[in-house]
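What follows is a set of notes on a single structure, which appears directly below.
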Amino acid sequence: MTDILKIESINRVIEAYFDKNTSLTIVPAKELMPAFIEAGIFTKDHKKGLPIRQILRELDRDKQLHLIPFVHPERKEKDTYWYFIPQNAAIPSTPYKRESAQSRRETAALSRSLSDEAYVIDLCDTVLERKAERQKRFDFLLGDLHKDMKSRTRLPVDAYYESLNLVIEFQELQHSEALPVFDKPDIKTVSGVSRDEQRKIYDQRRREELPKHEIKLIIIPHTIFSYDSQYKIIRNAAQDLEKVREVIDNYKF
1 MTDILKIESI
11 NRVIEAYFDK
21 NTSLTIVPAK
31 ELMPAFIEAG
41 IFTKDHKKGL
51 PIRQILRELD
61 RDKQLHLIPF
71 VHPERKEKDT
81 YWYFIPQNAA
91 IPSTPYKRES
101 AQSRRETAAL
111 SRSLSDEAYV
121 IDLCDTVLER
131 KAERQKRFDF
141 LLGDLHKDMK
151 SRTRLPVDAY
161 YESLNLVIEF
171 QELQHSEALP
181 VFDKPDIKTV
191 SGVSRDEQRK
201 IYDQRRREEL
211 PKHEIKLIII
221 PHTIFSYDSQ
231 YKIIRNAAQD
241 LEKVREVIDN
251 YKF
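Residue 1 is where the sequence shown starts when you use the working numbering, and the numbers rise one by one after that.
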C-alpha cells in the first residue's frame with residue numbers, strides 16, 4: 001500500500017535537491033539517502049540506498065511510478081537502476097554510466113587544457129608558428145613491462161612537430177624534485193619503483209630513444225618560470241613567451 005504522505009515528502013526532498021544543485025541533470029537515487037534521512041523519511045541507510053529502491057520497486061509493481069515525477073528507471077535485462085532527474089526534464093538518451101564516463105573524460109580533457117604543460121606548449125606553438133600534436137606516442141618509445149611480462153605502454157611526449165621532426169618536453173617541477181603533492185613513496189609503479197623514480201627513468205628513455213630515430217628533442221626547463229605556493233606557473237604571457245623563445249632559439253636545428 002502506497003504511503004502518500006511519505007511519497008509527498010520524498011518529492012519535496014528531491015525538488016529541493018535539484019533547486020539547490022541546478023547544474024545536475026541526473027542523480028542516482030541512492031545519492032539522496034542522506035537528505036531523505038535528514039527529512040525523517042527513513043531512519044537509516046543500508047545496502048547503498050535499499051530503502052528508496054524498495055519504495056520505487058513497489059510503485060513500479062503497482063504501476064504508480066508517476067507519483068514521483070522525478071524518477072527515471074534504466075531497465076536492464078535482469079535489473080533496474082533508479083535515478084532522479086529534474087521535473088519536466090527531458091529523458092536522458094544516454095545511459096547514466098556511459099554519460100558519467102564521458103563527463104569524466106571531458107573533465108580530464110578540460111583539466112589538461114588548463115594545465116601548465118598546455119600553457120607552455122601553447123607558447124611553443126606561437127614561437128614555432130605551428131600546432132603541435134600533443135601527447136603523441138611512438139611505437140618505439142615504450143614503458144617498462146607490465147605485470148603480464150608481455151605488454152608495455154607507449155610513452156607520450158608533450159608535443160611533436162612532425163614537419164620539424166621535433167619533440168618538445170616541458171620539464172615540470174616534479175620531474176626534477178620530489179614533491180609530496182605529486183608523489184607517495186609507498187605507492188609503487190609497474191616498474192616496482194616510486195613515481196618519482198619512474199619519471200626519471202622514462203625521461204631518460206625519451207632522451208635516449210628519440211635521437212636514435214632522428215627526432216630532435218628540446219626540453220623546456222621549469223626553472224625559467226616563476227611558481228606560486230601550489231607549484232603553478234605565475235603566468236605572464238608576454239614575458240613567458242620570450243623565455244620559451246630563448247630556449248628554442250638556443251637549440252641548433
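Built from N, CA and C at the ideal position, the CB exists for glycine as well. Computed from a prediction, not measured in an experiment: that's the story for all the values here.
task: Answer yes if the segment 13-25 comes into contact with the segment 47-54, meaning at least three C-beta pairs across the two stretches below 8 Å, and no otherwise.
output: The answer is no - the segment 13-25 does not touch the segment 47-54, with fewer than three Cβ pairs under 8 Å.
message: For the segment 112-128 against the segment 149-156, do three or more pairs of beta-carbon atoms, one drawn from each stretch, fall closer than 8 Å, so that the two count as touching?
response: Counting Cβ pairs under 8 Å, fewer than three are found: no touch.
query: Relative to the alpha-carbon of Arg137, which residue among His146, Glu169, Arg130 and Asp116 has its alpha-carbon at the smallest distance?
result: The sequence position of residue 137 within the sequence shown is 137, counting from 1. It is Glu169 whose Cα lies nearest to the Cα of Arg137.
query: Roughly how many whole angstroms lie between the Cα atoms of Ile233 and Pro95?
result: The count along the sequence shown starts at 1 and reaches residue 233 at position 233. The count along the sequence shown starts at 1 and reaches residue 95 at position 95. Roughly 39 Å between the two C-alpha positions.
- request: Note down the Cα distance separating Asp62 from Lys147, rounded to an integer number of angstroms.
  value: Taking the sequence shown and counting its residues from 1, the one referred to as residue 62 is at position 62. Taking the sequence shown and counting its residues from 1, the one referred to as residue 147 is at position 147. One C-alpha to the other measures close to 52 Å.
- prompt: Is the segment 126-141 close to the segment 155-167, with three or more CB pairs under 8 Å?
  reply: Contact holds: three or more Cβ-Cβ distances are below 8 Å.
Option in His72, Asp203, Asn88 and Ala237 with minimal Cα separation from Tyr255: Residue numbering for the chain in the displayed model covers 1 to 253; residue 255 lies beyond these limits and cannot be assessed.
message: Considering only their Cβ atoms, is the gap separating Phe36 from Ile10 smaller than 8 Å?
response: One-based indexing of the sequence shown puts residue 10 at position 10. One-based indexing of the sequence shown puts residue 36 at position 36. Yes, they are a contact pair.
message: Cutting at 6 Å between CB atoms, please list the residues of its own chain near Glu246, excluding the five before and the five after it.
response: Residue mapping note: residue 246 aligns to position 246 of the sequence shown, counting from 1. Closer than 6 Å at Cβ, skipping near neighbours: no residue.
query: Any idea what DSSP makes of Leu179, helix, strand or coil?
result: Here residue 179 refers to the residue found at position 179 when the sequence shown is read from its first residue. Per-residue confidence for Leu179 stands at a pLDDT of 48, beneath the threshold of 50, marking its modelled position as unreliable; the derived number appears in the next sentence. In this structure, Leu179 counts as coil in the three-state DSSP scheme.
task: Please report the residue range of the beta strand (DSSP E) in which Thr153 lies.
output: As a working mapping, residue 153 is identified with position 153 in the sequence shown. Element bounds for Thr153: Arg152 to Tyr161.
Exposed unless 16 or more other CB atoms sit within 10 angstroms - verdict on Leu179: Counting from 1 along the sequence shown, the entry for residue 179 is found at position 179. For Leu179, the predicted model reports a pLDDT of 48, less than 50, meaning its position is unreliable and no value from the coordinates is stated.
- request: Measure the alpha-carbon distance for Leu59 versus Arg12 and round it to whole angstroms.
  value: By 1-based counting over the sequence shown, the position of residue 59 is 59. By 1-based counting over the sequence shown, the position of residue 12 is 12. C-alpha of Leu59 to C-alpha of Arg12: approximately 17 Å in a straight line.
query: When the distance is taken between beta carbons, is Ala29 closer than 8 Å to Tyr83?
result: Locating residue 83 in the sequence shown gives position 83, counting from the first residue. Locating residue 29 in the sequence shown gives position 29, counting from the first residue. It is a contact, given that the beta carbons lie within the stated cut-off.
- request: Tell me whether Pro86 is buried or exposed, calling it buried when 16 or more other Cβ atoms sit within 10 Å of its Cβ.
  value: Sequence index remark: in the sequence shown, residue 86 carries index 86 (1-based). Looking at its Cβ environment, which holds 16 or more other Cβ atoms inside 10 Å, Pro86 is buried.
field: Counterpart residues of Val247 in DSSP-defined beta bridges
entry: Your numbering for residue 247 matches position 247 in the sequence shown. Paired residues: none, contrary to the question.
- prompt: In three-state terms, what does DSSP make of Asp139?
  reply: Within the sequence shown, residue 139 is the residue found at index 139, counting from 1. The answer is strand: DSSP assigns Asp139 an E or B state.
Opening and closing residue of the beta strand (DSSP E) in which Leu32 lies: Within the sequence shown, numbered from 1, the residue matching residue 32 stands at position 32. If you look at Leu32, you'll find it isn't in any beta strand (DSSP E); DSSP assigns it neither H nor E.
message: Among the candidates Thr43, Gly40, Lys212 and Asp79, whose CA atom is the shortest distance from the CA of Leu56?
response: Position 56 of the sequence shown, counted from the first residue, corresponds to residue 56. Residue Asp79 is the option with its Cα nearest to Leu56.
- prompt: What first and last residue would you give for the beta strand (DSSP E) that runs through Val71?
  reply: The count along the sequence shown starts at 1 and reaches residue 71 at position 71. It spans Val71 to Arg75 - the beta strand (DSSP E) in which Val71 sits, taken as one unbroken run.
message: What does the alpha-carbon distance come out to for the pair Glu77 and Met33?
response: Indexing the sequence shown from 1 puts residue 77 at position 77. Indexing the sequence shown from 1 puts residue 33 at position 33. When rounded, the distance between both Cα atoms is 26 Å.
task: Out of Leu145, Gln230 and Tyr160, state which residue places its alpha-carbon closest to the alpha-carbon of Ala132.
output: Stepping through the sequence shown from its first residue, residue 132 is reached at position 132. Comparing Cα-Cα distances from Ala132 to each of Leu145, Gln230 and Tyr160, the minimum goes to Tyr160.
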